[in-house]
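Colleague:
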Amino acid sequence: MDGEIVAIYPGSFDPVTNGHLDIIERGTGIFDRVIVAVLVNVAKDPLFTLEERLEMLRDATSRWQNVVIDTFNGLLVSYAAERQARVILRGIRAVTDFEYEFQMASMNRRMAPHIETVFMVPAEAYSYLSSSLVKEVASLGGSVTGLVPPLVERNLHVRIQRKDTGKRV
Ligand code: PNS
Numbered sequence: 008m009d010g011e012i013v014a015i016y017p018g019s020f021d022p023v024t025n026g027h028l029d030i031i032e033r034g035t036g037i038f039d040r041v042i043v044a045v046l047v048n049v050a051k052d053p054l055f056t057l058e059e060r061l062e063m064l065r066d067a068t069s070r071w072q073n074v075v076i077d078t079f080n081g082l083l084v085s086y087a088a089e090r091q092a093r094v095i096l097r098g099i100r101a102v103t104d105f106e107y108e109f110q111m112a113s114m115n116r117r118m119a120p121h122i123e124t125v126f127m128v129p130a131e132a133y134s135y136l137s138s139s140l141v142k143e144v145a146s147l148g149g150s151v152t153g154l155v156p157p158l159v160e161r162n163l164h165v166r167i168q169r170k171d172t173g174k175r176v
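In the working numbering, the protein residues as written are 8 to 176.
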């Protein structure tokens, strides 16, 4: 639609957490459309396959009409241009996030000056939350209830149990 403000919310989402969902929800209130874009070639070895990550995202975001789940490869700004997005949406939790986010936003602006990076702060309850911490806590038997959507919690348990019993994951 002409004049529509589309925001891309990029990431690896391995897996999606309630912190990500908090940012997505805030984004839906401001932008006409939020495209959650999952990076296909994650450098780090992901716990969940791309299809699994997409399924968990679709399930967790189905309540928002203006959220689309997609994948991307290569440069984020090229993908954003392709989708005619004017905004890259990123969540920022603490000062420790700042340097990396600042570098990415500046580099992205250098390559695509017309695309604006917008930072949002998640609810305090999620300010320490990350996908890697969730995976670590779950793999060591800790509870992640309330930190991830129910389907993610179930999938984490299945994945970890399978690892424990030595079956193929
Ligand atoms: O889940 P993450 O690690 O916070 O997401 C990082 C992501 C996917 C946003 C970033 O790695 C990215 O944009 N990758 C695509 C390649 C790219 O455009 N690199 C140049 C960034 S300045």
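Idealized CB from N, CA, C, for every residue including glycine.
Please state if the CB of valine 84 and the CB of isoleucine 42 are separated by a distance shorter than 9 Å.
Modeller: Your numbering for residue 42 matches position 35 in the sequence shown. Your numbering for residue 84 matches position 77 in the sequence shown. Against a cut-off of 9 Å, the Cβ pair of valine 84 and isoleucine 42 comes out as no contact.
Colleague: Can you give, in chain order, each stretch of the beta strand (DSSP E) that sits fully within the segment 51 to 102 and has at least 3 residues?
Modeller: DSSP runs (the beta strand (DSSP E)) wholly in the segment 51 to 102: 74 to 79, 94 to 98.
Colleague: Kindly examine ligand 1 and report whether one of its heavy atoms sits closer than 8 Å to the Cβ of glycine 81.
Modeller: Taking the first residue of the sequence shown as 1, we reach residue 81 at position 74. Yes.
Colleague: Would you give the residue range spanned by the beta strand (DSSP E) that isoleucine 42 belongs to?
Modeller: Reading the sequence shown from its first residue, position 35 is the one you call residue 42. It spans 40 to 46 - the beta strand (DSSP E) in which isoleucine 42 sits, taken as one unbroken run.
Colleague: Between phenylalanine 20 and ligand 1, is the CB less than 8 Å from at least one heavy atom?
Modeller: Taking the first residue of the sequence shown as position 1, residue 20 is located at position 13. True, at least one ligand heavy atom lies under 8 Å from that Cβ.
Colleague: Report the CB separation of histidine 74 from threonine 35 in whole angstroms; it is logged as a contact under 8 Å.
Modeller: Reading the sequence shown from its first residue, position 67 is the one you call residue 74. Reading the sequence shown from its first residue, position 28 is the one you call residue 35. Residue identity differs from the one stated: residue 74 is valine in this sequence, not histidine. That pair is a contact at about 6 Å.
Colleague: Should the segment 17 to 29 be called in touch with the segment 135 to 145, which here means at least 3 C-beta pairs below 8 Å?
Modeller: Taking 8 Å as the limit for Cβ pairs, the verdict is that the segment 135 to 145 does touch the segment 17 to 29.
Colleague: Short check: CB of alanine 67 to CB of leucine 147, under 9 Å?
Modeller: Position 60 of the sequence shown, counted from the first residue, corresponds to residue 67. Position 140 of the sequence shown, counted from the first residue, corresponds to residue 147. No, they are not a contact pair.
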